[in-house]
Each structure stands twice: as C-alpha cells, then as structure tokens.
Amino acid sequence: MSTRRDFVKTTCLSLAFTLPMEPRLRFEMADPIEPGGVLAPSAFLRIDGDGTVTIWANKSEMGQGVRTSLAMAMAEELDADWSKVKVQQASSAAKFGDLGITGGSQSTRSTFTPYRTMGATAREMLISAAAAKWKVDRAVCKAENGFIVHGTKRIAYGELVEAASKLEPPKDPPLKHAKNFRIVGTDVKRLDGPDIVTGRAQFGSDLKLPGMLYASVQRCPVFGGKLKSVDATAAKAVPGVKRIINISSGVAVLADSTWAALNGREALKIQWDEGAHASASTMEIWKGFEARLKTPGKVVRKEGKGTAALGKNAIHARYDCPFLAHATMEPMVGLADVKPDRCDIYAPSQGPGWSMAAIQQITGMKPEQIEVHMPLLGGGFGRRAMADFIVEAVECSKTAGVPVKVQYSREDDIQHDYYRPGTLHQLSGSLDGSGRPHAWHHRFTGPSIAASLKMPWPPEATELSGAADLAYEIPNMQVEWAQSDTPFPVGFWRAVPASFNPFVTESFLDELAHKAGKDPLDFRVALLKKDEKRKVGHDELDPARLRRVIELAAEKAGWKAWRMAKHAKGRGMGIAAHAYLECGTYVAEVAEVEVLKDGRVKVHRVVCAVDCGLAINPLNIRAQMESGIIFGLSAALHGEITLEKGRVAQNGFSDYPMLRLADSPRIEVHIVKSDLPPGGVGEPGLPPIAPAVANAIFAATGKRIRSMPMTPGKILKAAKA
Numbered sequence: 004m005s006t007r008r009d010f011v012k013t014t015c016l017s018l019a020f021t022l023p024m025e026p027r028l029r030f031e032m033a034d035p036i037e038p039g040g041v042l043a044p045s046a047f048l049r050i051d052g053d054g055t056v057t058i059w060a061n062k063s064e065m066g067q068g069v070r071t072s073l074a075m076a077m078a079e080e081l082d083a084d085w086s087k088v089k090v091q092q093a094s095s096a097a098k099f100g101d102l103g104i105t106g107g108s109q110s111t112r113s114t115f116t117p118y119r120t121m122g123a124t125a126r127e128m129l130i131s132a133a134a135a136k137w138k139v140d141r142a143v144c145k146a147e148n149g150f151i152v153h154g155t156k157r158i159a160y161g162e163l164v165e166a167a168s169k170l171e172p173p174k175d176p177p178l179k180h181a182k183n184f185r186i187v188g189t190d191v192k193r194l195d196g197p198d199i200v201t202g203r204a205q206f207g208s209d210l211k212l213p214g215m216l217y218a219s220v221q222r223c224p225v226f227g228g229k230l231k232s233v234d235a236t237a238a239k240a241v242p243g244v245k246r247i248i249n250i251s252s253g254v255a256v257l258a259d260s261t262w263a264a265l266n267g268r269e270a271l272k273i274q275w276d277e278g279a280h281a282s283a284s285t286m287e288i289w290k291g292f293e294a295r296l297k298t299p300g301k302v303v304r305k306e307g308k309g310t311a312a313l314g315k316n317a318i319h320a321r322y323d324c325p326f327l328a329h330a331t332m333e334p335m336v337g338l339a340d341v342k343p344d345r346c347d348i349y350a351p352s353q354g355p356g357w358s359m360a361a362i363q364q365i366t367g368m369k370p371e372q373i374e375v376h377m378p379l380l381g382g383g384f385g386r387r388a389m390a391d392f393i394v395e396a397v398e399c400s401k402t403a404g405v406p407v408k409v410q411y412s413r414e415d416d417i418q419h420d421y422y423r424p425g426t427l428h429q430l431s432g433s434l435d436g437s438g439r440p441h442a443w444h445h446r447f448t449g450p451s452i453a454a455s456l457k458m459p460w461p462p463e464a465t466e467l468s469g470a471a472d473l474a475y476e477i478p479n480m481q482v483e484w485a486q487s488d489t490p491f492p493v494g495f496w497r498a499v500p501a502s503f504n505p506f507v508t509e510s511f512l513d514e515l516a517h518k519a520g521k522d523p524l525d526f527r528v529a530l531l532k533k534d535e536k537r538k539v540g541h542d543e544l545d546p547a548r549l550r551r552v553i554e555l556a557a558e559k560a561g562w563k564a565w566r567m568a569k570h571a572k573g574r575g576m577g578i579a580a581h582a583y584l585e586c587g588t589y590v591a592e593v594a595e596v597e598v599l600k601d602g603r604v605k606v607h608r609v610v611c612a613v614d615c616g617l618a619i620n621p622l623n624i625r626a627q628m629e630s631g632i633i634f635g636l637s638a639a640l641h642g643e644i645t646l647e648k649g650r651v652a653q654n655g656f657s658d659y660p661m662l663r664l665a666d667s668p669r670i671e672v673h674i675v676k677s678d679l680p681p682g683g684v685g686e687p688g689l690p691p692i693a694p695a696v697a698n699a700i701f702a703a704t705g706k707r708i709r710s711m712p713m714t715p716g717k718i719l720k721a722a723k724a
C-alpha cells in the first residue's frame, strides 16, 4: 500500500555542510559574513563574533512554528544562549540542497536529527578551539549556554569562532541524551512571534521590488476552459493600467497598484471556450459517485474472509464528504523578477522545487539561474505546494521585462483552487456473539490526487489514510478504493485523506458500538487490547499508544461521569481517535456539544490527548492541536464547495464561512510524555474532531449525521426521519 510517506521520501532534504554565501533580503538571509569572523560548519548555521547564532530553516513557515522548533533542535545540541538565537528562511539556492516539501506533518520529524547533528558539530569544534587555547585535554571542557567551560574558566562562543572555523568538522559528533535537554521539551515562544504581531514580518503580499507592477488575472470560470477572444480597450483606459498580457491561465492586467489591476480586469470583455465541463454540476458528480460505488473497487486491504464474513445481520451505512477549498487567510500571491540571465521568485511556497521545472520551461534557464525566496506564508494547508500562482508571475514578468506580483483576490482563491476531494462511502459491519466487530467492509469513491497531479504512484496512494490503515482488531476486513474522476482539480488539503476517512470509520465504529449495546469508549479500548506492534501498509502501528490517548482523553473529559449523569435535552458527548501512522502521532478527542432547536450545533468543549513522541515544544504542540481542531470544525460544520454550470458556486467567506471566535469551543490539550522520536503535529489534531462531533450529536439526539458539513438543515431533516 503506497502512502504519502513515499512522496515525502522522494522530496526529502539533503543537508550539505557548506559555507553560507551572499546575503539575501531581510526575510531571507542575515547580514553579510566577514571573512574569518564567523563559524559556519553548515549552510544552515552561523555563529558570529558577537555570539549571535543564526539558524536557517529549511522548511517554510506558514504558522506552524517550524522555524522555532528547528532552531530549538540545533540550539539544544549547540548549547547556545537562546536569547542570542535568530532564525532566517533558507531559499532554493544550491547551497541549501533540496528543501523538499513543507507538508505531511513531516518537517520537524524529518529534520530533527540532522539539525541536532549540525548543532553538535559546531559545539565540538568550539570545545576543541577552547581546549587548544587553554592547552588542556578537550575531555575536561564542556559547552554551557553559549560558553565553553573548564573549571572556573569560561570563554564565550564569539571569542572562539575564528579559531574554530579553521578546524575540521567532526564526522559523527555525539548527541545529547534527552534527559540532558534544557531547551527541547520546554515551552518556547516563537522566535518570529514579535515581528508577526507587530507587523514587521514580511508575508508574500507585503513584498515590493523597484519598478514592480501588480497583476490581476482573469481565468476561465470553468475548469479546463480556454480563452477564445478578449477586448481590452476599456481595460487599457483604466487609470494605472500599464499592460494587458495573455498568459497560459487567462488574461493578466498589469498596473501600478493592485486596485488599478483589479479595476482593469473588471473592464475586460472576454469570450471563453468553456470546454467539456460547461454544464458540470455537483448533482452530476454525486450521481457518478453513486454509480461507481455499485461496482467493486481495488482491494487495498483484506484480512480474514473479507466480505464473506459479513453475514445476514450486518448493518449498513452510507457517508459522504464534500469538496473543500483551502481558504488560507492570505490568498495566493507570487512575485517574479525575470532578467535575461536570472530569475528570482519571492513567493510564499510550500514546495519551491515543485515549481522549478515549470519555471525552467518558461524562462529557458538552468536551475542555478533560478532562485525561489520564501517569505512567511499566510497559511498553506497544502495549497501553496502548487506552482500555479508562481507560474503566472513568471510568465508576466518575462513578458513585461519588469518584476510582477500576481495577487489573487478572495474570490480567485476560492474559485481557482486545488480542492480537497469529495468522497462517497459505503460501509457494512457485523458483530460476533459477544458484541465485538466480526467483519468490516468499506468501499469508497472519489477523485485521486495522485492521478490528478500526475504523480508516479498508484492512484489510491493519496486517498487511503484513515481507511486502509484502520487500527482496530477486526478479524475479517476488506477495504476497497474506487476511483471516480471529476472536473475539479484536486490537491493536498490539511490531513487529506485523514480529513474525511476517519469521519466515516470512527462514526461507523460508533454505530457498531450502539448496535452491540456497548459504551463507545469501552468498545474502542476492547479492540486495542493487544500491545504487539504490527505493520499496517508501509507503517508501524502501536496499539498501546492509541489506547493510551483514547483513555487519557476520556479521563480528562470526565467521560464516565458524563455517561452516568443526566443532561439537558440536546446535550451530548462523543469520542473519536486516529492513529496518524504516516507521521507517527496518535490523537483522541472528546467533544461536548449542544444541538439547538434550530438545528445549529454548538460545540462547547473539546478535550484532546496527543502522543507525538518527544514533545520538542509543548507550547507549539498545544497550538497545533487547537489549530487542527478549529480548522476541522470549520469543515465539519460549514465547509462545502459546489459546482453549478461548470463554475464554483462559492466566492467568499459569506458563502464559504470559517468558524467564528464566538462559536469556538474551549479546548484542552493533554500531551503524553514520551522519549520516542518526535512525530508530526500539523495535521493529526484534525481527523478526530468531525467524528467526535457527529458521535456527540447522536448521543444528544439519537440521530446519525452521515454527511458533512453537519448543517442545521441536515440536523433538522434527521430529526424528522
């Protein structure tokens, strides 16, 4: 079974130990290096003569706190004075190697040890330099908070950098034992936090270059459509408009301000060849899903007798999950500066390498002539791994001969996305004589991200998490994937496919628990009694870790007491969990909800338990769990993208709403203490929240909601059924 892990492996970082070179923009690089005045055993680390430690993050910062986590890992082994640590963003320059993709909750997990090793390398070089200066055995020297210490002697790192820079870096520097950590494992505020909250930080939308023009692009409203003709007469008359350019995605209006570019675009008169999808609709797509679900899919997991063990008393259920947009707070934006012999891109990108081939094709340049600089990302969630907004900027700049910034509007962002796939699921399950699940069948259909993006994997590789890797002990199991292509361009979305599959599987597990007459908590725990680790697909499952977070979340939520107490009508509590095997993290959540008379769902409280291995920065882990829960609640209660006459019907937050502050629940996060290698935390907080809420709705009303989003209309319809 192929997973996104294969994708991560093909785009992993190569940490080359080379010296930093030329300076970049402020958001990109630190100040120029004075020869002989620094210690820089790696392109990602520099120690200046004043003791300042500058660390370059190889992963994009989009709000997940990765720059601080990576700096903590390196500073820990360096034994740096944290107050003197700064962080900068690496670019796609050759000295930084292949930065890969920032996504899949793999950033810290994949770089923790390499960054520690770089810090340890510098530490050992500083110790050697101090020992030589004092003419003592290096074994009697140690690093301590920015100093090398020997007895009562102390010398600051800055005083040693010149001597240390002349030494050969050790090949295998020793790493600390976790019990000796003094930075890792503590609550550390983000290094870039003050700049962000005071407005000094630079996001893609903030960047400017001398002589830059602003571009707004009119794209065909129907996916796959093409430009037929354009009358730009009125657009050229708009004050501030400089040029009108036909590019691969549509028509770009270049102006001296974003406002002028938008107004010029509104004045364009365009005829489109809308192509084969001009009449496509959501209803048509779901009819196709229904038809596909009636035929067998590709069996991606089979244990025991599979469907043959279901029997006559099996229960059946159908679930559906909609297409979703990313709706990042900062819409897509890209700034390109194409010169005759060089191309610089300044773009909030999750995957600079993914855009390189397209940039080369447009410019005709070699990789060493192209550099992608990455400011802060105003949200990503997988959307900024794509290259479309960068390609548009490069095409505009090449034609105009000046730097051009392409700025999406909110409407552009929602209507021209790479959407989370919509899916339809059919489940069947049966119980044995003791009320334990005996057989499980899950067939689901939807478009394939791998196929849509032409990735070199099986189409199902990007769709299985949370379905084919189900953690519970069920003797007879069969999971089938049935591909259904749609007009929607689809792409990675936070926790996809674990953003939809656990909603289905954890909700249906609750249905089986109800059928068996058992407490949903006890029902789950009973299916995780065996502590033996086992392979599920390419990954290893540790049932004990999943059981531990389920029990911890229930304990902290007061699950048993709640079940025994009487509650007001419409109040309920639900539980769900997910073993996010691809990033080595286990999460369980309990939701306490109220279903109001008008069908609205009010989530009052969410209790989350997470086992992510070593907790590098507990403060950030809690923030990431809270973020995933809020993001997941927005999707569970509100999110849906629909198609009408080939066009996305939604165009802003008025009809694609986010969870508001007043509707956000009280969230408690409990972290399991662990010395295991760190797992990812960007995505795992999201998968359990939708099924926890759905299960709580059932506890409150006795009615199952098997469709997202869980809108008032669906709640009221279920109540009447």
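Residue numbers for the sequence shown follow my numbering, so the first one is 4 and each next one is one higher. Every residue, glycine too, gets a C-beta built ideally from N, C-alpha and C.
Exercise. Since Ala-328 and Ile-417 are thought to touch, with beta carbons under 8 Å apart, how far apart are those beta carbons, to the nearest angstrom?
Worked result: If you number the sequence shown from 1, residue 328 lands on position 325. If you number the sequence shown from 1, residue 417 lands on position 414. Yes, Ala-328 and Ile-417 are in contact; Cβ-Cβ is about 5 Å, under 8 Å.
Exercise. Span of the beta strand (DSSP E) holding Phe-150?
Worked result: Locating residue 150 in the sequence shown gives position 147, where the first residue counts as 1. Its beta strand (DSSP E) spans residues 150-153.
Exercise. Are the stretch 202-215 and the stretch 240-249 touching, with three or more C-beta to C-beta distances below 8 Å?
Worked result: no
Exercise. Since His-517 is in the alpha helix (DSSP H), which residue starts that stretch and which ends it?
Worked result: The residue labelled residue 517 in the question sits at position 514 within the sequence shown. Residues 504-519.
Exercise. What's the gap between the Cα of Gly-161 and the Cα of Val-593?
Worked result: In the sequence shown, the residue the question calls residue 161 occupies position 158. In the sequence shown, the residue the question calls residue 593 occupies position 590. Gly-161 and Val-593: Cα-Cα distance of roughly 50 Å.
Problem set entry | Beta-carbon gap between Gly-68 and Asn-620 smaller than 8 Å | Counted from its first residue, the sequence shown places residue 68 at position 65. Counted from its first residue, the sequence shown places residue 620 at position 617. In this structure, Asn-620 lies closer than 8 Å to Gly-68 by Cβ.
Exercise. Going by DSSP, which residues form a beta bridge with Trp-443?
Worked result: Here residue 443 refers to the residue found at position 440 of the sequence shown. DSSP lists Gly-432, Met-480 as partners of Trp-443.
Problem set entry | Segment contact, 8 Å Cβ cut-off, at least three pairs: the stretch 182-189 with the stretch 132-145 | no
Exercise. Is Phe-99 helix, strand or coil when you go by DSSP?
Worked result: Here residue 99 refers to the residue found at position 96 when the sequence shown is read from its first residue. Looking at Phe-99 - three-state DSSP - the assignment turns out to be helix.
Problem set entry | When Leu-664, Gly-649, Thr-645 are compared against Gly-655, the one with the closest alpha-carbon | On the sequence shown, position 652 is the one that residue 655 refers to. When each option's Cα is compared against that of Gly-655, the closest is Thr-645.
Problem set entry | Three-state secondary structure assigned by DSSP to Val-303 | Here residue 303 corresponds to residue number 300 of the sequence shown, with the count starting at 1. The answer is strand: DSSP assigns Val-303 an E or B state.
Problem set entry | alpha helix (DSSP H) segment containing Ile-199, residue limits | Position 196 of the sequence shown, counting from 1, holds the residue named residue 199. 196-201 is the span of the alpha helix (DSSP H), which, as asked, contains Ile-199.
Exercise. Considering only the beta carbon of each residue, do Thr-55 and Lys-87 sit closer than 8 Å?
Worked result: Here residue 55 refers to the residue found at position 52 when the sequence shown is read from its first residue. Here residue 87 refers to the residue found at position 84 when the sequence shown is read from its first residue. Yes, they are a contact pair.
Problem set entry | Run of the beta strand (DSSP E) containing Cys-611, from where it starts to where it stops | Here residue 611 refers to the residue found at position 608 when the sequence shown is read from its first residue. Its beta strand (DSSP E) spans residues 604-614.
Problem set entry | Residues bridged to Ile-248 [DSSP beta-bridge criterion] | On the sequence shown, residue 248 is found 245 positions in, with the first residue counted as 1. Ala-255, per the DSSP bridge assignment.
For this session: Going by CA-CA distance only, name the one from Pro-440, His-180, Lys-272 that's closest to Gly-307.
Result: To locate residue 307, count along the sequence shown from 1; it is residue 304. Cα-wise, what sits closest to Gly-307 is Pro-440.
For this session: Reducing DSSP to helix, strand and coil, say where Glu-230 ends up.
Result: As a first step, residue 230 must be located in the sequence shown, where it is residue number 227. Here residue 230 turns out to be Leu, not Glu, going by the sequence shown. Looking at Leu-230 - three-state DSSP - the assignment turns out to be strand.
Exercise. Does the beta-carbon of His-180 have 16 or more other beta-carbons within 10 angstroms, so that it is buried, or is it exposed?
Worked result: In the sequence shown, counting from the first residue as 1, residue 180 sits at position 177. Under this definition His-180 is an exposed residue.
Problem set entry | Assigned secondary structure, Met-576 (DSSP; H/G/I helix, E/B strand, else coil) | Start at 1 with the first residue of the sequence shown, and residue 576 comes out as number 573. In this structure, Met-576 counts as strand in the three-state DSSP scheme.
Problem set entry | Counted within 10 angstroms of its Cβ, other Cβ atoms place Asp-195 as buried (16 or more) or exposed | Numbered from 1 along the sequence shown, position 192 holds the residue referred to as residue 195. Buried is the call here.
Problem set entry | Three-state secondary structure assigned by DSSP to Ser-637 | For the purposes of this step, residue 637 is taken as the residue at position 634 of the sequence shown. Note: Ser-637 maps to helix in three-state DSSP.
Exercise. Can you tell me whether DSSP reads Gly-337 as helix, strand or coil?
Worked result: As a first step, residue 337 is located in the sequence shown; it is residue number 334 there, counting from the start. Three-state result, Gly-337: strand.
Problem set entry | Alpha carbon of Glu-287 to alpha carbon of Cys-346, nearest angstrom | Translated into positions along the sequence shown, residue 287 becomes position 284. Translated into positions along the sequence shown, residue 346 becomes position 343. Near 44 Å, if we compare the C-alpha coordinates of Cys-346 and Glu-287.
Exercise. At what residue ranges does the stretch 51-138 contain a whole run of the beta strand (DSSP E), taking only runs of 3 or more?
Worked result: 56-60, 88-92
Exercise. What residues in its chain sit with their C-beta under 7 Å from that of Pro-761, if we drop five residues either side in the sequence?
Worked result: With the chain running from 4 to 724 in the structure shown, residue 761 is simply not present.
For this session: Would you check if there are 3 or more beta carbon pairs closer than 8 Å linking the stretch 680-696 to the stretch 628-644?
Result: yes
Exercise. What are the start and end residues of the beta strand (DSSP E) that includes Trp-275?
Worked result: In the sequence shown, residue 275 corresponds to position 272, counting from 1. It spans 272-276 - the beta strand (DSSP E) in which Trp-275 sits, taken as one unbroken run.
Problem set entry | Rounded straight-line distance, which links the Cα of Lys-676 to that of Ala-498 | Counted from its first residue, the sequence shown places residue 498 at position 495. Counted from its first residue, the sequence shown places residue 676 at position 673. Computed Cα separation, rounded: 24 Å.
Exercise. According to DSSP, is Leu-530 helix, strand or coil?
Worked result: By 1-based counting over the sequence shown, the position of residue 530 is 527. In this structure, Leu-530 counts as coil in the three-state DSSP scheme.
Exercise. How many whole angstroms separate the CB atoms of Met-121 and Met-75, which I take to be in contact at a CB cut-off of 8 Å?
Worked result: Translated into positions along the sequence shown, residue 121 becomes position 118. Translated into positions along the sequence shown, residue 75 becomes position 72. About 13 Å separates the two Cβ atoms, so there is no contact after all.
Exercise. How many whole angstroms separate the CB atoms of Pro-450 and Asp-420, which I take to be in contact at a CB cut-off of 8 Å?
Worked result: The count along the sequence shown starts at 1 and reaches residue 450 at position 447. The count along the sequence shown starts at 1 and reaches residue 420 at position 417. Contact doesn't hold; Cβ gap of about 14 Å is too wide.
Exercise. What number of angstroms, rounded off, separates the C-alpha of Phe-447 from the C-alpha of Gln-353?
Worked result: For this step, residue 447 is matched to residue 444 along the sequence shown. For this step, residue 353 is matched to residue 350 along the sequence shown. Their Cα atoms are separated by approximately 29 Å.
Problem set entry | 4 or more residues per run - each alpha helix (DSSP H) lying fully within the stretch 654-709 | For the stretch 654-709, whole alpha helix (DSSP H) runs of length 4 or above, ordered along the chain, are 692-704.
Exercise. Going by beta carbon distance, what residues of the same chain come within less than 6 Å of Glu-595, once the five residues before and after it are set aside?
Worked result: Position 592 of the sequence shown, counted from the first residue, corresponds to residue 595. So the qualifying residues of the chain are Met-576, His-607, Arg-608.
Exercise. Using DSSP with H/G/I as helix, E/B as strand and the rest coil, what is Tyr-160?
Worked result: In the sequence shown, residue 160 corresponds to position 157, counting from 1. Note: Tyr-160 maps to helix in three-state DSSP.
Problem set entry | Enclosing beta strand (DSSP E) for Lys-536 [first to last residue] | By one-based count along the sequence shown, residue 536 stands at place 533. Segment: none, Lys-536 is in no beta strand (DSSP E) and carries neither H nor E.
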